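To start, the structure itself, in structure tokens.
Protein chains: 2
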Amino acid sequence: MENAPPPARRPVRADGRRNYDAILRVARESFQAKGSTASLEEIAAGAGVAVGTLYGHFATRESLIEATTRDGLTALLAHGERVAAGDDPLGALMDWTCEAVLFSSTFRGLAEVLAHGLRDEDSHWHAGCLAMERCGADLLRAAQDAGRVRGDLTPRELFNLISAAAWVREASPAAADDSGRLLELFVGGIARP
Amino acid sequence: MENAPPPARRPVRADGRRNYDAILRVARESFQAKGSTASLEEIAAGAGVAVGTLYGHFATRESLIEATTRDGLTALLAHGERVAAGDDPLGALMDWTCEAVLFSSTFRGLAEVLAHGLRDEDSHWHAGCLAMERCGADLLRAAQDAGRVRGDLTPRELFNLISAAAWVREASPAAADDSGRLLELFVGGIARP
DNA sequence: ACCTGAACACCGTTCAAGT
DNA sequence: ACCTGAACACCGTTCAAGT
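Residue numbers (my numbering), protein chains in the order written: chain A, 1 to 193; chain B, 1001 to 1193.
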């Protein structure tokens, strides 16, 4: 209930903001290069701060990961609202799903963190994951109401399909090259003629 | 070419076999409980041997994982041969695929190790992963020849679908409960009416 | 042929002391 | 309010010495 850790916030003092931003910038590069398990010590060193400073700003690895991908998630949700306004429910769902797969494979390990965040109520991610699930749920329902997608598919299952496709993308460079094909394989079966 | 590490083999000396077996037994329990990243020191301690003994028998974590799941893979391949003898190619493919998903989610992290082993030629796993892929390829081709599965699906893509479904099973207990439903979602789209 | 355990390296995490 | 870096714990991996 009350043991959910506080989300990372940008500090008010000038040196604090500088360090916060430097850590975020280096963290993005490190996660990109080495995945979600990249060394926090290396990130701190790369940002020119002591480890304690990193922990001061980001209490857990999850909160740092959350902060590095917050913008991406925001963009994804905005994209969802945009495509929802169109008049092709199936196209909108597929379009957004594709973007969601790309986002969820921003770096190696993110899909797992997302899947975990959706289940763990005490996670920094929980709210974000729920928002992402809900965004997909709205698009899914619209496509189902239009009779274009099998009606028994649940929002949670759509989330699972997305993170699974993202996981394959993370793990297999060859599959990542052809995202359209991957998407077709993973969610192609849910459409109705 | 020649830098592929040697597979773990059961020692000839009596005390060696005893330790080897003890390590394997504890490793199975540990992987089951904590996933593929379980502490090797704890496994060694649990087996009543020094860490060096564990490394003496299993040069890498991968080789230990391989040894703990070798029987399961063998059983899966045998199951493939068995179902291939029937006269329902689509049923055989689905049956085997379901077993493959169960095997690939024996413990948390195995799906990732398998996906990695298939790509890395120097892995302990490479031969095993190839055998698994080939087993699926034979069943897939039969189902395709019978016109029951879309013809453009490749063996590699089937492997990816299997490990992705296994990954979801590993990550989400709820999904793991209803394997039939999961399988339907992941490979239901490949069948032809 | 196999075992032991100390030794080294690396990393996560905390915290008292500082500014 | 924020920073520092030493301190502790834990783990992976190697290897000289032993039987």
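Glycine residues also receive a C-beta, built at the ideal position from the N, C-alpha and C atoms. These numbers come from a predicted model, not from an experiment.
If distances are taken between C-alpha atoms only, which option among the options comes closest to residue i?
| i | options | result |
| --- | --- | --- |
| residue 1095 of chain B | B/1145, B/1007, B/1082, B/1054 | B/1082 |
| residue 1079 of chain B | B/1100, B/1068, B/1069 | B/1100 |
| residue 1092 of chain B | B/1036, B/1043, B/1140 | B/1140 |
| residue 1147 of chain B | B/1159, B/1108, B/1192 | B/1192 |
| residue 1114 of chain B | B/1159, B/1134, B/1135 | B/1159 |
| residue 18 of chain A | A/144, A/44, A/76, A/109 | A/44 |
| residue 10 of chain A | A/70, A/137, A/130 | A/70 |
| residue 1190 of chain B | B/1097, B/1015, B/1046, B/1012 | B/1097 |
Would you report the Cα separation of residue i and residue j, rounded to the nearest angstrom?
| i | j | result |
| --- | --- | --- |
| residue 1157 of chain B | residue 48 of chain A | 44 Å |
| residue 31 of chain A | residue 23 of chain A | 12 Å |
| residue 1126 of chain B | residue 1119 of chain B | 7 Å |
| residue 1188 of chain B | residue 175 of chain A | 20 Å |
| residue 1181 of chain B | residue 152 of chain A | 11 Å |
| residue 1165 of chain B | residue 1186 of chain B | 7 Å |
| residue 1026 of chain B | residue 73 of chain A | 41 Å |
| residue 1008 of chain B | residue 163 of chain A | 34 Å |
| residue 1178 of chain B | residue 1058 of chain B | 35 Å |
| residue 117 of chain A | residue 123 of chain A | 6 Å |
| residue 1184 of chain B | residue 53 of chain A | 48 Å |
| residue 68 of chain A | residue 1077 of chain B | 43 Å |
| residue 1136 of chain B | residue 50 of chain A | 51 Å |
| residue 1037 of chain B | residue 1029 of chain B | 12 Å |
| residue 1111 of chain B | residue 16 of chain A | 41 Å |
| residue 1154 of chain B | residue 1108 of chain B | 26 Å |
| residue 55 of chain A | residue 138 of chain A | 37 Å |
| residue 1121 of chain B | residue 1128 of chain B | 11 Å |
| residue 200 of chain A | residue 1046 of chain B | Because residue 200 of chain A is not part of the residues shown, which for chain A are 1 to 193, the question remains open. |
| residue 145 of chain A | residue 1161 of chain B | 28 Å |
| residue 39 of chain A | residue 1039 of chain B | 18 Å |
| residue 1142 of chain B | residue 1149 of chain B | 9 Å |
| residue 133 of chain A | residue 75 of chain A | 14 Å |
| residue 1020 of chain B | residue 35 of chain A | 34 Å |
| residue 1033 of chain B | residue 1041 of chain B | 15 Å |
If you run the structure through DSSP and keep just helix, strand and coil, what is residue i?
| i | result |
| --- | --- |
| residue 1146 of chain B | coil |
| residue 191 of chain A | strand |
| residue 1049 of chain B | coil |
| residue 30 of chain A | helix |
| residue 1167 of chain B | helix |
| residue 1068 of chain B | helix |
| residue 1003 of chain B | Low confidence applies here, because residue 1003 of chain B scores a pLDDT of 49, under 50, leaving its location unreliable; read the following figure in that light. DSSP places residue 1003 of chain B in coil when its eight states are reduced to three. |
| residue 1060 of chain B | coil |
| residue 16 of chain A | helix |
| residue 154 of chain A | coil |
| residue 1121 of chain B | coil |
| residue 1179 of chain B | helix |
| residue 1038 of chain B | coil |
| residue 10 of chain A | coil |
(message) Could you check whether the segment 53–63 of chain A touches the segment 74–88 of chain A, counting it as contact only if at least three pairs of C-beta atoms, one from each stretch, sit closer than 8 Å?
(response) Taking a cut-off of 8 Å on C-beta distances, the segment 53–63 of chain A does not touch the segment 74–88 of chain A, as fewer than three cross pairs fall below it.
(message) For the segment 101–121 of chain A against the segment 162–180 of chain A, do three or more pairs of beta-carbon atoms, one drawn from each stretch, fall closer than 8 Å, so that the two count as touching?
(response) Touching, per the Cβ criterion.
(message) Threshold first: 4 residues or longer. Then list the alpha helix (DSSP H) segments lying entirely within the segment 1086–1114 of chain B, N to C.
(response) Here the runs fully enclosed are 1089–1104.
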